[in-house]
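First the structure, in the form of structure tokens, and then the observations on it.
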Amino acid sequence: MSPTRVILAAGLLLAMNATAPADSRLPDGIVSKGDNDIAQAWLTRPTDRYAHGILGDAIEAGGLAVKTRSGAVLELVLPDELVFEDRQARLHDLDGDGRDEIIVVLASVTEGGALAIYGVREGKLVKLAQTPHIGRSNRWINPAEFADLDGDGRIEITAVWKPHLARELQAWRYADGRLSHVTTIEGYSNREIHSPVQDLSEVVRLSDGRTALAISTPGYDGIAFVVLKDGKFAEVARLPAGGKITSPVTLDEKGRQLEFATGQKKRSVVIP
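So that you can map any letter, position 124 of the sequence shown is 124 in the numbering used here, and since no number is skipped, the others follow by simple counting.
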């Protein structure tokens, strides 16, 4: 017997076959894998109703789908005034309850981007919380990392607001069904405009034992190391990349170097 596909649209639940047509997924979308109640998450229903094109084409997602550990496929369909302006629906247990939360960029066609959190609750895929929208169309947010940056046991959700303009690195926390802002610092960007590479950041352990966010500098030619202390971001080191970074920034197996490319050259920097 085929698994059931459940679609939430306009407050109604509809049952369909779980095998979706190939064109229901975002053409350049990435399927994320979860560790808890959600096995996979992906973006669906390609649409051109938001003509921003910040990710390289005019196609965004009108829906979000997950496959749960039990095999159920759930889909949430957005109203016409909203899109998911992203390539992937990231999975992380943000509040330590043993369930995966889904982190994705939710854009309004009139108010621009917001960071939104979704999850599976009582067998339904629902929105749990979101940040305010930026306030005007064609303004975007690029998610960065999810980690306990200050050692207090709580996960910080980091992202760059307007990574090609204001370049504001922000931290938020999700708890008790709401998102709360922690801090903002300007001068960082984890994605160059028109580039397909979104992930110019990584969580690292500094040589003194502190956890830091390693993130690209605004010119994409260096790596900055930012810590969270007393509720504020502070940059503690900055290293040259040897050229403009053109690939994702990744951590080596020993956790002591960051690896990336500048054009055709492989590069690395030792974590300070």
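Idealized CB from N, CA, C, for every residue including glycine.
In this structure, the beta-carbon distance from G113 to H133 falls below 8 Å. The alpha carbon of Q264 has as its nearest neighbour, out of L251, Q257, T246, D252, the alpha carbon of T246. Within a 10 Å sphere around the beta-carbon of E122 sit fewer than 16 other beta-carbons, which makes this residue exposed. Nearest Cα to R69 within the set G34, I54, A159: G34. Here DSSP, grouped into helix, strand and coil, assigns S70 to coil.
Per DSSP, the unbroken beta strand (DSSP E) holding R205 starts and ends at 201–205.
Beta-bridge pairing by DSSP links A166 to no other residue. Taking a cut-off of 8 Å on C-beta distances, the segment 201–213 touches the segment 223–231, as three or more cross pairs fall below it. When secondary structure is reduced to three states using DSSP, S268 falls in the strand class. In the structure shown, S247 adopts coil according to DSSP, grouped into three states. In terms of Cβ geometry, G62 and R90 do not form a close pair [threshold 8 Å]. Ranked by Cα distance from G29, the options G187, P79, V197 are led by V197. Relative to the Cα of A159, the nearest Cα in the group K127, G151, S137, F233 belongs to F233. L213: member of the beta strand (DSSP E) spanning 211–216, first to last residue. In this structure, the beta-carbon distance from T110 to G151 does not fall below 8 Å. If you draw a 10 Å sphere on the C-beta of I193, you find fewer than 16 other C-beta atoms in it, and that means exposed.
Positions of the beta strand (DSSP E) runs, each at least 3 residues long and wholly inside the segment 55–136, are given as 60–68, 73–77, 82–84, 90–92, 101–108, 112–121, 124–130 in order along the chain.
Per DSSP, A51 lies in no beta strand (DSSP E) and is assigned neither H nor E. The three-state secondary structure of S189, taken from DSSP, is coil.
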